[in-house]
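Inspection log for the structure reproduced underneath, given as structure tokens.
Residue numbers (full-length UniProt numbering): 1 to 194.
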């Protein structure tokens, strides 16, 4: 047996866990935005803020097309939290395994029945600023949530958001790591503390 093999066997379970978390985090950070999938990552501050807003509504949290918000929740997961990411990009399955559910807004209810009404809050960011996309994502949100909704989208969609989901625009403005040309807003059906 080589000296290197002895070193690996000597690592404590805590060190092995920390090492695995380091490699997982490094892998998570290596997933780049795919603009063809209309992916635009939030800044770390926005992801953390959305995670805190979601946690204010309960411990059963669904992130719908919001992988950076999910990552912020996942990296600071609390005991008893149920976190699920619904996302089209299958690269996230390798990172989150059972916490990942494939989602295509074109088939808005093609998700497990076990998720019906399973979440205290859904954070959603529809992939496209289009009426058809928001209408389909709305079907998914209604299927998933028990009560609370956080929707981040372009303010150009405000009238439709109010009409379809009865949400109000908050004063909070989500920010993206790469600046977008569209004004973005955060809409909810509850009051948030800024």
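Cβ atoms here follow ideal geometry from the backbone N, Cα and C, with glycine treated the same way.
Just so you know, these numbers come straight off a predicted model, no measurement behind them.
* Return the Cβ separation of residue 146 and residue 117 in integer angstroms, given the expectation that the two are a contact with Cβ distance under 8 Å. => 5 Å
* To do: State the Cα-Cα distance for the pair residue 123 and residue 66, rounded to the nearest angstrom.
  => 7 Å
* Asked: Helix, strand or coil for residue 143 per DSSP?
  -> helix
* Asked: Which residue's Cα is closest to the Cα of residue 131: 100, 165 and 112?
  -> 165
* Anticipated Cβ contact below 8 Å, residue 152 with residue 127, distance rounded -> Not really, about 12 Å apart at Cβ, beyond 8 Å.
* To do: State yes or no: is the C-beta of residue 82 within less than 8 Å of the C-beta of residue 59?
  => yes
* Asked: Got a sec? Which residues, its chain only, sit under 6 Å from residue 183 by beta carbon, not counting five neighbours each side?
  -> 155
* To do: Reducing DSSP to helix, strand and coil, say where residue 148 ends up.
  => strand
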